[in-house]
Amino acid sequence: MMTCRHCGDFFIRRNNRQEYCDKDKCQKARNAKNQRGFRKRKKMSKAGKKMQTEENYNGKA
43 MMTCRHCGDF
53 FIRRNNRQEY
63 CDKDKCQKAR
73 NAKNQRGFRK
83 RKKMSKAGKK
93 MQTEENYNGK
103 A
């Protein structure tokens, strides 16, 4: 048994990586968290590519 990271209720995991229960509000919270992480990684990736491009343009690479 595990406690849900969002609501704190107990639930039985379907696999060892599950952290949220099956309630709609908990799944929405999980998806929102994942989306924030994805956007942050994407933003950092774009910033890194921009820096590489500027270094190549300025002849520093």
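Residue numbers (the numbering used here): 43 to 103. All C-beta atoms in this analysis are idealised placements derived from N, C-alpha and C, irrespective of residue type, glycine included.
In this structure, how does DSSP classify residue i when only helix, strand and coil are distinguished?
| i | result |
| --- | --- |
| M44 | strand |
| D66 | helix |
| Q148 | Past the edges of the chain, shown from 43 to 103, lies residue 148, and the structure says nothing about it. |
Measure the Cβ-Cβ separation of residue i and residue j and say whether it is below 9 Å.
| i | j | result |
| --- | --- | --- |
| R56 | M43 | no |
| F53 | D64 | yes |
Express the C-alpha separation of residue j and residue i in angstroms, rounding to a whole number.
| i | j | result |
| --- | --- | --- |
| D82 | K92 | The sequence given here places Lys at residue 82; Asp does not occur at that position. C-alpha separation (whole angstroms): 15 Å. |
| G79 | N100 | 32 Å |
| C46 | N98 | 48 Å |
| H48 | A71 | 7 Å |
| N58 | S87 | 30 Å |
| K84 | K75 | 14 Å |
| G111 | Y62 | Residue 111 lies beyond the residue range present for the chain, which begins at 43 and ends at 103; the question has no answer from this structure. |
Among all the DSSP beta bridges, which residues are the ones paired with residue i?
| i | result |
| --- | --- |
| F53 | M44 |
State yes or no: is the beta carbon of residue i nearer than 9 Å to at least one beta carbon in chain C?
| i | result |
| --- | --- |
| N57 | Absent from the structure is chain C; it holds one protein chain and no more. |
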